[in-house]
Structure formats: structure tokens, C-alpha cells
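Residue numbering for the sequence shown follows numbering that gives the first Met the number 0, starting at 0 and increasing by one per position. Where is the CB? At the ideal position from N, CA and C, for every residue including glycine.
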Amino acid sequence: MSEPTPTPPEKPSAFEKWRRTAMLVTGLGVTEDERLDYLVEQARLSCEEKKARFMQRSPAVVFMLNHLRAAGCELPPSNIVCAPCDRRSAGGFNPQKGAIVLCQGVFFGDAHMENTMVHEMVHMFDHCRFKVDWLNLRHHACSEIRANSLSGDCRFSRELRIGSLAFTKHHQDCVRRRAITSVSRNLMCPDKATAERVVNEVFESCFKDTRPFDEIY
0 MSEPTPTPPE
10 KPSAFEKWRR
20 TAMLVTGLGV
30 TEDERLDYLV
40 EQARLSCEEK
50 KARFMQRSPA
60 VVFMLNHLRA
70 AGCELPPSNI
80 VCAPCDRRSA
90 GGFNPQKGAI
100 VLCQGVFFGD
110 AHMENTMVHE
120 MVHMFDHCRF
130 KVDWLNLRHH
140 ACSEIRANSL
150 SGDCRFSREL
160 RIGSLAFTKH
170 HQDCVRRRAI
180 TSVSRNLMCP
190 DKATAERVVN
200 EVFESCFKDT
210 RPFDEIY
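Here you go:
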């Protein structure tokens, strides 16, 4: 006599799915770990969706992708990774792996994420074209100056939103300040005064170098 065929479990109804999602969002009826896992995954999915859209439709991102390809440094979607990371940063470039990290859940808008992608792609372009030694503070400072200047990080509206507004030489002041902050975190940098000195030493020549753009984006 044959065994009876087991009945497959019923799929959850639309209401049950909605109820489960509401529980995960509010934290009611679920553990804190379950809620955190859900929120992390939602942040990743949102980051991945926007990443794909920017890689297809953002003029600045597509421009950088084309120039990276022409320089011999292809950047496939799999090498742009959305992940949770240090809240001090919005993204990062890993020169050993030729990969960019986007810090999911920290962007305060699409423009911030787009600027971050371009910023890290400028670092990748510099590494590909100019063989940057990231432990050399002058090399690091130059790439930070270029990335902050060319990415849109220091646009007037962006700086206004984060409460840092300089009316005189606004763009240059923003680029200099952000570059000093980044260089001061380099393992080879002993203190902020050293970061300031190194950034100031290379600022003029590196700020003028807008490659691969014709001008500041």
C-alpha cells in the first residue's frame, strides 16, 4: 500500500505577510535579533537597488565606469558591495580586491549615495592609473583631495545639509577639511597636524587635476 502524499504547507496569506512585516518593523512580537536582522537586510536590499540604478542611469557613475574600463580596471556590480560598516564613513575602496564598499543604511538621500560611489571610483581610478601607495600620506592626500572635489561631496547643498557652510572659497575649504579628516585616519599618520601639513603641501597641484573629468563635476 502506497504512502499518502503529504500535503504541502499553505503559503502565508497577504495579510500574514503584512502582519509579519509590521511585527519586524515595530519590534512587537519578535526578538530584537530578528528585528535587527530584518532591518539590516532591508537596508542591504535598498542599497543594492539604488546601486544598480546608478550604474545604469547616473551620468557621473556611468562616466566613471567607462573610464575605469578604458584604464583596464573593470568594475562589475559584484565588486561594489553593500554592507554595514563604521558610521564615520559612507563608503570605502579596497585596493587589494579592487572593490568598493557602500555603507548601507547611512545615506541621507540618493545624492549622498551617488556622490559616495563616484568618490570611491575616483580612488579606484587613481589606484589603477597612478599606482597609489595608500600608506604614503602624500599619495593618500592627493587622492582624497581629488575624490572630494570631483565626486559632488562638497557641493553647496550637501554641505548646507550637514551644517558646514563656508562662504569664502567654499568648495576648496570643504575639500581640504574632508581630505584632512580622511588622511588623519591613515595608519601611518601620527596626528591631525601631520594630516593638515601633508594635505596643504599637495593641495594646489592635486586640486587642479580633474582627470578623468574635464572640470569639477
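Would you give the residue range spanned by the beta strand (DSSP E) that residue i belongs to?
i    : result
V100 : A98 to C102
P206 : Looking at the sequence shown, residue 206 is not Pro but Phe. From DSSP, F206 is part of no beta strand (DSSP E) but of the alpha helix (DSSP H) over K191 to K207.
N93  : G90 to N93
I79  : I79 to A82
Determine the burial state of residue i: buried for a count of at least 16 other Cβ atoms within 10 Å of its Cβ, exposed for fewer.
i    : result
P75  : exposed
V61  : exposed
F107 : exposed
S88  : exposed
L35  : exposed
Are residue i and residue j close, meaning C-beta to C-beta below 8 Å?
i    : j    : result
R144 : V121 : In the sequence as presented, Arg is not what sits at residue 144; that position holds Ile. It is not a contact, given that the beta carbons lie outside the stated cut-off.
A178 : A140 : yes
A70  : C127 : yes
H118 : A146 : yes
Taking Cβ positions only, does residue i come closer than 8 Å to chain C?
i    : result
D190 : The structure shown contains no chain C, having only a single protein chain.
How far does the alpha helix (DSSP H) with residue i in it extend, from its first residue to its last?
i    : result
A69  : P58 to A69
F124 : D109 to F129
R175 : H169 to S183
Using the Cα positions of residue i and residue j, report the straight-line distance between them to the nearest angstrom.
i    : j    : result
S148 : R154 : 9 Å
C72  : V80  : 16 Å
S150 : A59  : 8 Å
L67  : E31  : 42 Å
P211 : E33  : 45 Å
V39  : E113 : 20 Å
> Do the region 48-68 and the region 197-204 make contact, defined as three or more Cβ pairs closer than 8 Å?
Replying inline: Not touching, per the Cβ criterion.
> How do the region 89-97 and the region 31-49 stand: do at least 3 beta-carbon pairs fall below 8 Å, yes or no?
Replying inline: In short, these stretches do not touch, since the Cβ pair count stays below three.
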